[in-house]
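Chemist: In terms of the UniProt record's numbering, the sequence shown opens at residue 1 and continues consecutively. Using N, Cα and C, we set each Cβ at its ideal position, and we do this for glycine too. Small disclaimer: the values here were computed from a predicted structure and weren't measured.
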Amino acid sequence: MTEKQLFEYSRYNVSSLKYLSLYKLTELRVIWSAPIQVEYFANLTELVVHSCRRLIYIFSPTIARNFPQMRRLNIYVCEELEQIIEKEQTPSQHQLQPICFPNLSSITIISCVNLRCLFPITLAHGGLPKLYRLELEDIPLLEQVFEEDESNVSKDEEEVIHLPRLTHLKLDWLPYLMSFSPLGSHFIFPSLTDLRVKDCPNIYTRFSVDSKDSVHAKTQVSQSVDEIIVEESATAPEIAWPIGSDIYWWNGEGGEDESDFEY
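1. Counting pairs of Cβ atoms below 8 Å between the segment 98 to 107 and the segment 137 to 144, do you hit three or more?
2. For R206 versus I243, is the C-beta distance shorter than 8 Å?
3. Taking the alpha carbon of I99 as the point to measure from, which residue in E80, E88, R65 and L118 has its own alpha carbon closest?
4. What would DSSP say about I84, mapped onto helix, strand or coil?
5. Just confirm the distance between the C-beta atoms of L115 and L81, as a whole number of angstroms; I'd bet it's less than 8 Å.
6. Which residues mark the beginning and the end of the beta strand (DSSP E) in which T45 is found?
7. Under 8 Å, Cβ to Cβ, is there at least one residue of chain B near Q69?
8. For the beta strand (DSSP E) that T122 lies in, which residues bound it at each end?
9. Identify, in the order they occur along the chain, each residue of the same chain with its Cβ nearer than 7 Å to the Cβ of S191, setting aside the five sequence neighbours on each side.
10. Starting from I247, follow the beta strand (DSSP E) in both directions and report where the run begins and ends.
11. Confirm, please, whether the CB-CB distance from Q69 to N43 is below 8 Å.
12. List the whole-angstrom C-beta distance separating E159 from S208, where the pair is believed to meet the contact cut-off of C-beta under 8 Å.
13. Between the alpha carbons of L55 and R29, how many angstroms are there, rounded?
14. CB L47 to CB L20, shorter than 8 Å?
15. Is the beta carbon of E148 less than 8 Å from the beta carbon of P182?
16. Please state the DSSP three-state secondary structure of I139.
17. Can you look up T193 in the DSSP assignment and give me helix, strand or coil?
18. Of the residues A217, D213, T219 and Q220, which one's Cα is nearest the Cα of G252?
19. According to the neighbour-count rule (16 or more other Cβ atoms, all chains shown, within 10 Å of its Cβ), is K87 buried or exposed?
20. Could you tell me whether the Cβ atoms of L131 and L171 are closer together than 8 Å?
21. Counting only the same chain and skipping the five closest in sequence on each side, list residues whose C-beta sits under 8 Å from that of Q97.
22. So what does N74 bridge to, in DSSP terms?
23. Sort S15, K218 and L174 by Cα distance to I188 and report the nearest one.
24. Anyone know if the C-beta pair for F119 and F67 falls short of 8 Å?
25. Would G126 be called buried (16 or more neighbouring beta carbons within 10 Å of its own) or exposed?
26. Starting from the Cα of W250, find the closest Cα among N202, L195 and Y23 and give me that residue.
27. Report the residue from Y57, Y23, T45 and S15 whose alpha carbon sits nearest the alpha carbon of residue 268.
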């Protein structure tokens, strides 16, 4: 396959398409090339991209705002992939409409050697309300999972962000990962039941579990166990792992039905 743009023309009638798998399209650079095609993918629920070595990004900002039914995003072995969502180069009216994947439940990204960040931090503010599973593995240049939004930087007070339905979080072999999110951010995962952090020696985000079994990911310049703020409770002690340590934690309560994520 030598096509540089896959859906380059509006002649394709794929409005009922639910599953799209792109495999070994070695010269593919752009999946969607124009907003005119957005409506044709309104029912797409799963996108798998595998071994598309020349692909630089998955979604343009315009395209990313138009996948209301997307549930699964799986990306493997895309050597030149730098961004999941292309950064907007110039301000536009679309910036007034935040990017949101209202039904995206599962994200798996493995062996993308040029990817440096996953999503802008703005997407975590209500843009992933149903995210259930996040697995990142063998991404050697990844520095942040959620990247700072340069247009909305404020370090004056801690920014608390909830991913209310996240149940499984796996960070494996990310040797350059510095943080889960920008300085001053504090993620809370009230539904997390399975946390795995392995071979991320440079991360300075501290993971902890409070007495209500909510998992926290708090990014500060320096922290000690005494500095971690947890919810008031006298029923159970808190767990706080050393920064940069391997973590395997499972609370044994199960969570939501995982059958939706079996292939």
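Modeler: According to the structure data:
1. Flag = no, the segment 98 to 107 and the segment 137 to 144 do not touch.
2. Cβ distance < 8 Å, so R206 and I243 count as in contact.
3. Closest option to I99, judged by alpha-carbon separation, among E80, E88, R65 and L118: R65.
4. Correct three-state label for I84: strand.
5. Indeed they touch by this definition, with Cβ atoms about 5 Å apart.
6. No beta strand (DSSP E) contains T45, which DSSP labels as neither H nor E.
7. Judged by its chain identifiers, the structure shown contains no chain B, having just a single protein chain.
8. DSSP places T122 in no beta strand (DSSP E); its state is neither H nor E.
9. Taken in chain order, the residues that qualify are P164, R165, L166, T167 and G255.
10. Boundaries of the beta strand (DSSP E) around I247: I247 to W250.
11. In this structure, the beta-carbon distance from N43 to Q69 falls below 8 Å.
12. Their Cβ separation, rounded to whole angstroms, is 17 Å, which puts E159 and S208 out of contact at 8 Å.
13. Cα-Cα distance, rounded: 4 Å.
14. Contact flag set, yes.
15. Yes; because the gap between Cβ atoms is below 8 Å, this pair is in contact.
16. If DSSP states are grouped into helix, strand and coil, I139 belongs with coil.
17. It is coil, neither helix nor strand.
18. The candidate whose alpha carbon is nearest that of G252 is D213.
19. Exposed, because fewer than 16 other Cβ atoms sit within 10 Å of the Cβ of K87.
20. When the beta-carbon positions are compared, L131 and L171 stay at least 8 Å from each other.
21. Result list for Q97: R65, in chain order.
22. The partner list for N74 (beta bridge, DSSP) reads V48 and T108.
23. With distances taken between Cα atoms, I188 lies closest to K218.
24. No, these two residues do not count as a Cβ contact at 8 Å.
25. With fewer than 16 other beta carbons inside 10 angstroms of its own, G126 counts as exposed.
26. Nearest of N202, L195 and Y23 to W250, Cα basis: L195.
27. Because the chain spans 1 through 263 in this model, residue 268 falls outside it and cannot be assessed.
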